[in-house]
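**Student:** Residue numbers (the UniProt record's numbering), protein chains in the order written: chain A, 1 to 231; chain B, 1 to 231.
2 protein chains.
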Amino acid sequence: MNEKQHTTLDSYIHQYQLEDLFPASFRQHMKVSPFEKGETLFTAGDQLEELYFLVEGKIKIFTLTPEGKSLINRFKRPLALIGDVEYVKGSPVLNSVEAVTEGVMISAPFSHLSDLEKEHPSFIRFLLDTVAHKFYTESHTTSMHMLYPVEVRLASYLLSISSVGEGTVFHQEMRTSNLIELAEWIGTSYRHLNRVLKKMAADHVVERTNGSVTIKDLEKLRTLAKGNIYE
Amino acid sequence: MNEKQHTTLDSYIHQYQLEDLFPASFRQHMKVSPFEKGETLFTAGDQLEELYFLVEGKIKIFTLTPEGKSLINRFKRPLALIGDVEYVKGSPVLNSVEAVTEGVMISAPFSHLSDLEKEHPSFIRFLLDTVAHKFYTESHTTSMHMLYPVEVRLASYLLSISSVGEGTVFHQEMRTSNLIELAEWIGTSYRHLNRVLKKMAADHVVERTNGSVTIKDLEKLRTLAKGNIYE
DNA sequence: AGCACGTTAGGACATATGTCCTTTCGAAAC
DNA sequence: GTTTCGAAAGGACATATGTCCTAACGTGCT
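(1) Here's a check: name, in chain order, each residue in its chain whose Cβ is nearer than 7 angstroms to the Cβ of residue 200 of chain A, leaving out the five neighbours to either side.
(2) Determine the extent of the alpha helix (DSSP H) in which residue 22 of chain B is found, giving its start and end residues.
(3) Between the segment 105-128 of chain B and chain A, which residues of the former have CB atoms less than 7 angstroms from a CB of the latter, in chain order?
(4) Between residue 81 of chain B and chain A, is the shortest Cβ-Cβ distance under 8 angstroms, so that the two count as touching?
(5) Residue 124 of chain A by DSSP, collapsed to three states: which one?
(6) From this set, A/204, A/118, A/73 and A/16, which residue's C-alpha is nearest residue 218 of chain A's C-alpha?
(7) With which residues is residue 105 of chain A paired in a DSSP beta bridge?
(8) Determine the closest residue to residue 189 of chain B out of B/79, B/69 and B/9, with distance taken between C-alpha atoms.
(9) Among the candidates B/195, B/29 and B/220, whose CA atom is the shortest distance from the CA of residue 108 of chain B?
(10) Using a Cβ cut-off of 8 angstroms, pull out every chain A residue sitting near residue 200 of chain B, in sequence order please.
(11) For the segment 130-142 of chain B, list every residue whose C-beta sits within 9 angstroms of some C-beta in chain A, in sequence order.
(12) Please classify residue 187 of chain A as buried or exposed, where buried requires at least 16 other C-beta atoms within 10 Å of its C-beta.
(13) Could you tell me whether the segment 50-65 of chain A touches the segment 93-103 of chain A, where touching means 3 or more Cβ pairs closer than 8 angstroms?
(14) Count the other CB atoms within 10 Å of the CB of residue 25 of chain A; is the residue buried (16 or more) or exposed (fewer)?
(15) Please check if any C-beta of chain B sits within less than 8 angstroms of the C-beta of residue 76 of chain A.
(16) Measuring CB atoms only, is the segment 80-90 of chain A touching the segment 129-138 of chain B, in the sense that at least three cross pairs come out at less than 8 angstroms?
(17) Are the segment 31-50 of chain A and the segment 154-164 of chain A touching by the rule of at least three beta carbon pairs closer than 8 angstroms?
(18) Can the beta-carbon of residue 197 of chain B be found less than 8 angstroms from the beta-carbon of residue 213 of chain B?
(19) Taking 8 angstroms as the CB-CB limit, is residue 187 of chain B close to chain A?
(20) Using CA coordinates, which residue listed in A/193, A/138 and A/7 is at the minimum distance from residue 76 of chain A?
(21) Give me, in chain order, the residues of the same chain whose beta-carbon lies closer than 7 angstroms to that of residue 46 of chain B; leave out the 5 immediate sequence neighbours on both sides.
(22) So, with DSSP's three-state summary, where would you put residue 64 of chain B?
(23) Look at the alpha carbon of residue 179 of chain B and the alpha carbon of residue 135 of chain B, and state the distance between them as a whole number of angstroms.
(24) I think residue 38 of chain B touches residue 103 of chain B, with their Cβ atoms under 8 angstroms apart; what is that distance to the nearest whole Å?
(25) Given a cut-off of 8 angstroms on the beta-carbon distance, is the pair residue 121 of chain A and residue 226 of chain B in contact?
(26) Using a beta-carbon distance below 8 angstroms, is residue 66 of chain A in contact with chain B?
(27) For chain B, is any of its Cβ atoms less than 8 angstroms away from the one on residue 145 of chain A?
(28) How far does the alpha helix (DSSP H) with residue 150 of chain A in it reach, from first residue to last?
(29) Residues of chain A with a CB under 7 angstroms from the CB of residue 71 of chain B: which are they?
(30) From the DSSP output, in three-state form, read off residue 8 of chain A for me.
(31) Who does residue 71 of chain A pair with in a DSSP beta bridge?
(32) Is any beta-carbon of chain B found at less than 8 angstroms from that of residue 91 of chain A?
(33) For residue 40 of chain B, which of B/10, B/100, B/147 and B/145 has the nearest alpha-carbon?
(34) Against chain B, does residue 196 of chain A count as a neighbour if the rule is that its beta carbon must be under 8 angstroms from one of theirs?
(35) Please state if the CB of residue 72 of chain B and the CB of residue 184 of chain B are separated by a distance shorter than 8 angstroms.
(36) Ignore the nearest five residues each way along the sequence and tell me which others in residue 168 of chain B's own chain have a CB closer than 6 angstroms to its CB.
Okay, here's the thing in structure tokens:
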């Protein structure tokens, strides 16, 4: 590892307060890997050899069926772990991962992590916290996806991205880069998403202008979401 | 704790090889709790105080919506943990739990588990393994539920309960106690399940006699399942 | 301007799935 | 044997969602 990389690694570790997790002696095993927008980072079925930390950029985790359908499981921003479950279970990659923006990951080989576990049990606790949280949110969204129609899910999504300060409504745009992606995230077809959006627009819940969607009536949205919200 | 309970607790711990996890000194904090068939064990939103181990019987984990719909997340048989994620995250119970049969759970208070963590780090590793596995299966079934129609899910289910010895097909009955429960498990309405079953029967994939379903053509079933299988 | 391309928007139709209701059926109770 | 009751089976209809296709639109490029 060259000097530049070393410096970068340390600064990321400092930035995210990972000093306790990775003692200085361990960092020699770690790597810094930048990635480009749109790049395929991992493919379902891959056998991982390292645990990755997303420290910059945005990625999406998704499932692809043999028939070509895709379902976005979640988006991730720093600080996020990739490969934690795979490390623990020793199983192949469950979902594919793609870069939504450019970014950076730092990584540590599985082979050295088992040593780290022994010397720093806090690392196991860290993994446990991470995986438990993943399970919690996954379980929550699953129930929602299974039990409510697209309209409710869309309303929940819109609520979750509208940062509502006390009473003041900031009309926000969607965070997904486009409607196709949003459809994959909500778990429906683009066509159907469009249909539901049109209905919401007709009911003055949202407004569509120039391909962007703006929230008009937060209260109606809350009613539609039936108390559900993403994450 | 009386003598009887003590003996019972020890025998369960022995049976499931939990000796290393719970040193003798810790066992005084543990309880044995039998439960009846149909009993509601936990309700979503409860605040848990103990970690439970299912050591006998069968339970189901499910979600209830305010509208009364229910979705079965999974069935569990010994040895299974309940409350692991809640313990780690300190959050209220995510899903309701009901006893399918009578059974027994043993439990340990959260308050003492943090001590156990310090003295026996292997306990954390045990939790991590458990939660990682839960996440893995949850994620798998989620994708399947979102991406495939009921017919595929039903075929997968039937495959997963048909223990197929080399070439020999054991025509098995379903493990869910009835079709209503099966519908909740697959994530559809009873009516629709019935419809799909009828179609499968018409195609000679299964046979329905006296309310029980028998697998007739394993190969066709495999084709229908498209390589998916539960768990 | 004119073209290329990805995104947005929506019509027409097919399919998947849900809701409500009625009938049948078999086991258990009387 | 008759009654009772929950589960099985399915008809009729409504709704949710998917598929295929076409058109409009905006942005960047030539």
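Idealized CB from N, CA, C, for every residue including glycine.
**Tutor:** This is what the structure gives:
(1) Within the first sequence, numbered from 1, the residue matching residue 200 of chain A stands at position 200. Once the five neighbours on either side are set aside, the close Cβ partners of residue 200 of chain A are 206.
(2) Mapped onto the second sequence, residue 22 of chain B falls at position 22. First-last for residue 22 of chain B: undefined, no H or E at that position.
(3) 121, 124, 125, 127 and 128
(4) For the purposes of this step, residue 81 of chain B is taken as residue 81 along the second sequence, with counting starting at 1. No, its Cβ sits nowhere closer than 8 angstroms to a Cβ of chain A.
(5) As a position in the first sequence, residue 124 of chain A is number 124, starting the count at 1. If DSSP states are grouped into helix, strand and coil, residue 124 of chain A belongs with the helices.
(6) Sequence index remark: in the first sequence, residue 218 of chain A carries index 218 (1-based). It is A/204 whose Cα lies nearest to the Cα of residue 218 of chain A.
(7) For the purposes of this step, residue 105 of chain A is identified with residue 105 of the first sequence, where counting begins at 1. Answer is A/33 and A/54.
(8) Here residue 189 of chain B refers to the residue found at position 189 of the second sequence. Among B/79, B/69 and B/9, the Cα nearest to that of residue 189 of chain B is on B/69.
(9) For the purposes of this step, residue 108 of chain B is taken as the residue at position 108 of the second sequence. Minimum Cα distance to residue 108 of chain B is reached at B/29.
(10) To locate residue 200 of chain B, count along the second sequence from 1; it is residue 200. Chain A residues near residue 200 of chain B: none, gap ~20 angstroms exceeds 8 angstroms.
(11) 131, 132, 133, 134, 135, 136, 138, 139, 140, 141 and 142
(12) Start at 1 with the first residue of the first sequence, and residue 187 of chain A comes out as number 187. Label assigned to residue 187 of chain A: buried.
(13) yes
(14) Start at 1 with the first residue of the first sequence, and residue 25 of chain A comes out as number 25. Exposed.
(15) Mapped onto the first sequence, residue 76 of chain A falls at position 76. Chain B, which has no Cβ nearer than 8 angstroms to the Cβ of residue 76 of chain A, makes this no.
(16) yes
(17) no
(18) The residue you call residue 197 of chain B lines up with position 197 of the second sequence. The residue you call residue 213 of chain B lines up with position 213 of the second sequence. In this structure, residue 213 of chain B lies closer than 8 angstroms to residue 197 of chain B by Cβ.
(19) For the purposes of this step, residue 187 of chain B is taken as the residue at position 187 of the second sequence. Yes, residue 187 of chain B counts as interfacial toward chain A.
(20) Along the first sequence, read from residue 1 onward, the residue named residue 76 of chain A stands at position 76. Cα-wise, what sits closest to residue 76 of chain A is A/138.
(21) Here residue 46 of chain B is taken as the residue at index 46 of the second sequence, counted from 1. Hits under 7 angstroms: 92 and 93.
(22) Counted from its first residue, the second sequence places residue 64 of chain B at position 64. Strand at residue 64 of chain B.
(23) Stepping through the second sequence from its first residue, residue 179 of chain B is reached at position 179. Stepping through the second sequence from its first residue, residue 135 of chain B is reached at position 135. Looking at the two C-alpha atoms, the distance is approximately 27 angstroms.
(24) What you label residue 38 of chain B is simply residue 38 of the second sequence in a count that begins at 1. What you label residue 103 of chain B is simply residue 103 of the second sequence in a count that begins at 1. About 11 angstroms; that fails the 8 angstroms criterion.
(25) Locating residue 121 of chain A in the first sequence gives position 121, counting from the first residue. Locating residue 226 of chain B in the second sequence gives position 226, counting from the first residue. It is not a contact, given that the beta carbons lie outside the stated cut-off.
(26) In the first sequence, residue 66 of chain A corresponds to position 66, counting from 1. It does; some Cβ of chain B falls within 8 angstroms.
(27) As a first step, residue 145 of chain A is located in the first sequence; it is residue number 145 there, counting from the start. Yes, because at least one Cβ of chain B sits closer than 8 angstroms to the Cβ of residue 145 of chain A.
(28) Translated into positions along the first sequence, residue 150 of chain A becomes position 150. Counting along the chain, the alpha helix (DSSP H) containing residue 150 of chain A begins and ends at 150-161.
(29) Residue mapping note: residue 71 of chain B aligns to position 71 of the second sequence, counting from 1. In chain order: 143, 146 and 147.
(30) Indexing the first sequence from 1 puts residue 8 of chain A at position 8. Helix, per DSSP.
(31) As a first step, residue 71 of chain A is located in the first sequence; it is residue number 71 there, counting from the start. Answer is A/63.
(32) Along the first sequence, read from residue 1 onward, the residue named residue 91 of chain A stands at position 91. Interface residue, yes.
(33) Residue 40 of chain B sits at position 40 when you count from the first residue of the second sequence. Taking only the C-alpha atoms, the option nearest residue 40 of chain B is B/100.
(34) Against the first sequence, residue 196 of chain A aligns to sequence position 196. No, no contact with chain B.
(35) In the second sequence, the residue the question calls residue 184 of chain B occupies position 184. In the second sequence, the residue the question calls residue 72 of chain B occupies position 72. Yes, they are a contact pair.
(36) As a working mapping, residue 168 of chain B is identified with position 168 in the second sequence. Model confidence at residue 168 of chain B stands at a pLDDT of 39, short of 50, so the residue's coordinates are unreliable and nothing is read from them.
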